[in-house]
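To start, the structure itself, in structure tokens.
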Amino acid sequence: MLQAKDLIKRYDKTLAVSSISFSVKKGEIFGLLGPNGAGKSTTINIITGLIRKDGGKVTIDGLDLDRELTQCKHKLGIVPQDLAIYNDLTAEQNVRFFGSLYGLRGKQLEESARETLKLVGLYDHRRQRAKTFSGGMKRRLNIACGLVHKPQLLILDEPTVGIDPQSRNHILESILELNRQGMTVLYTTHYMEEAQQLCQRIAIMDSGQIVAQGSLAQLKALVQEHWYITMSLQGTVPLEKLRLVSGVEQIDIRENSYRFTLKDKKNQLRDLLDLLIHDQVEITDMAISEPDLEDIFLTLTGKRLRD
Ligand code: ADP
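The numbering of the sequence shown is this note's numbering, which starts it at 101 and goes up by one.
Right, dumping it as structure tokens:
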């Protein structure tokens with residue numbers, strides 16, 4: 101459905117997107133996952149024709165974005181990070197307005213507006229002005245405006261930032277439902293839980309580059325040499341000494357719990373435990389778990405994904 105090849109975008113000295121390539125298959129939800137500043141919005145803005153790229157090629161359903169921009173735009177539904185709705189219009193007027201921009205008229209527009217408002221759970225509020233909506237409802241309306249014309253590829257840029265959990269769940273459910281109905285989705289987020297819950301394939305972005313891409317299983321396989329162990333520790337934890345234990349790659353502290361990334365599985369755990377016992381640190385809980393996307397990101401980049 102979408103092919104992005106060797107995309108480059110510079111802002112003065114910042115290389116916001118540094119020769120990235122990926123493709124989105126028809127019918128899948130593809131995620132761009134990365135921390136703030138990774139280059140996700142820039143990538144999306146290139147694909148939607150909003151900004152000019154400095155290099156590379158984008159094809160949408162076989163059409164070249166540079167040469168066939170208008171036809172490409174008709175295939176796309178865009179849900180930008182910043183709200184693009186009119187506060188003085190009702191929910192229904194907003195959706196109808198965006199539908200009409202894409203050429204929908206009459207009965208087709210009416211039906212599509214109704215279906216879309218139902219999907220995002222705003223049908224009962226259709227006669228209310230957008231300015232009376234909560235942040236979550238505005239986001240849902242923003243999504244409705246992006247998909248009223250039934251695009252083949254829906255592109256959402258961090259659609260759940262700063263909203264309540266209920267609206268967030270509603271949005272995620274709506275996207276899954278759209279995908280079940282056959283819509284292809286490109287979704288950017290810095291929340292690994294969302295990428296894990298929604299996406300069949302994920303590209304992990306950092307500093308303008310794609311660090312890795314594939315299904316969750318394929319991404320996990322990239323770090324299969326590693327072991328991820330969480331311990332709850334009481335007492336004075338000798339952090340610096342723990343970092344020096346051979347094979348300890350990362351120690352990620354989440355409140356009282358210490359998440360260790362160990363390279364080469366067997367001996368390192370023994371050394372780690374020996375040190376804790378020697379320093380009289382009490383281990384109140386310990387679990388070895390599968391890596392999640394946060395672990396994978398940390399192992400591949402040495403940085404944390406979350407804020
Ligand atoms: P993300 O969406 O992953 O948070 P962005 O694509 O917004 O990342 O930003 C990538 C990099 O490009 C950042 O370093 C950001 O500061 C820079 N950048 C983005 N937009 C502009 C702009 N209009 N002018 C200058 N720098 C920009």
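Every residue, glycine too, gets a C-beta built ideally from N, C-alpha and C.
Inset, instruction - May I ask you to list the residues that DSSP assigns as paired with Gly155? - result: Ile108
Legend entry - Element boundaries [beta strand (DSSP E), containing Ala138]: Unbroken run through Ala138: none, as it is neither H nor E.
Inset, instruction - Using 10 angstroms around the beta-carbon of Glu258, count the other beta-carbons present and answer buried if the total reaches 16, otherwise exposed. - result: buried
Inset, instruction - Answer with buried or exposed for Lys125, where buried requires no fewer than 16 other C-beta atoms within 10 angstroms of its C-beta. - result: exposed
Legend entry - Paired residues, beta bridge with Phe233 - DSSP: Answer is none; Phe233 lacks a bridge partner.
Inset, instruction - Would you kindly report the start and end of the unbroken beta strand (DSSP E) that includes Leu316? - result: First-last for Leu316: 316-322, but that is the alpha helix (DSSP H), not the beta strand (DSSP E).
Legend entry - For Asp352 and Asp379, the rounded distance between their alpha carbons: 20 Å
Inset, instruction - At 3 residues or longer, and completely inside the stretch 211-259: list those beta strand (DSSP E) runs for me, N to C. - result: 253-257
Inset, instruction - Could you check the C-alpha separation between Ile147 and Lys140 for me, to the nearest Å? - result: About 11 Å.
Inset, instruction - For the alpha helix (DSSP H) holding Leu201, just list the boundary residues, first then last. - result: Its alpha helix (DSSP H) spans residues 191-201.
Legend entry - Proximity to Leu400 [Cα-Cα], best of His225, Leu247, Gln350, Asp166: From the listed residues His225, Leu247, Gln350, Asp166, the smallest Cα separation to Leu400 is found for Gln350.
Legend entry - Top-ranked residue by Cα proximity to Arg239, from Asn194, Glu211, Glu210: Asn194
Inset, instruction - Output yes or no for whether 8 Å exceeds the beta carbon distance between Met331 and Ile388. - result: In this structure, Met331 keeps its C-beta atom at 8 Å or more from the C-beta atom of Ile388.
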